[in-house]
Structure formats: C-alpha cells, structure tokens
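What follows is a set of notes on a single structure, which appears directly below.
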Amino acid sequence: MYNTPWQLFKSYELRALQRDALKEAGGEKWFVDTMTRSKAEWKGLDEALAYVWLCTWPQKNILF
C-alpha cells in the first residue's frame, strides 16, 4: 500500500511530471540536482545561484 500518491512514480517519472508542469506554467529555465552516495556535488544549485546572481546584480559587478 502506498502512503502518498507520489510513491506511485519512479524518480525519473516524477522529474518528468515536474518539468512538464514547469513548462506549462511558463518556466523557461530549470535546474536539476541528483543525489548519489559517491558524490557530494550540487551542480544544479551552483548553476541556479550563478543564474540568480547574474539576473539580480548590476552590470558593473561591484562588490561591497
């Protein structure tokens, strides 16, 4: 017996559903992280933070 509806889907199916919902809502860019036991990297988070930094920081990139 499944506790939640999300347990009916495999992880790749759930990712595809989320991506489709983002596209339908008008999302133009999305970032994905996958967890493994062998790597402690967050490439999707790094890309997202770099994207937000470029979108919100003035053109001259002057640090405090």
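With the numbering used here, letter number 54 in the sequence shown gets 1307, and the count goes up by one each step, no holes. Even for Gly, the Cβ is constructed at its ideal location relative to N, Cα and C.
| Item | Value |
| --- | --- |
| Spatial distance of Met1254 from Leu1275 (CA atoms) | Note on Met1254: pLDDT 49, under 50, position unreliable in the model; the coordinate value appears next. One C-alpha to the other measures close to 29 Å. |
| Proximity to Asp1286 [Cα-Cα], best of Gly1279, Glu1277, Asp1273, Ala1301 | Ala1301 |
| Which of helix, strand or coil DSSP assigns to Glu1281 | coil |
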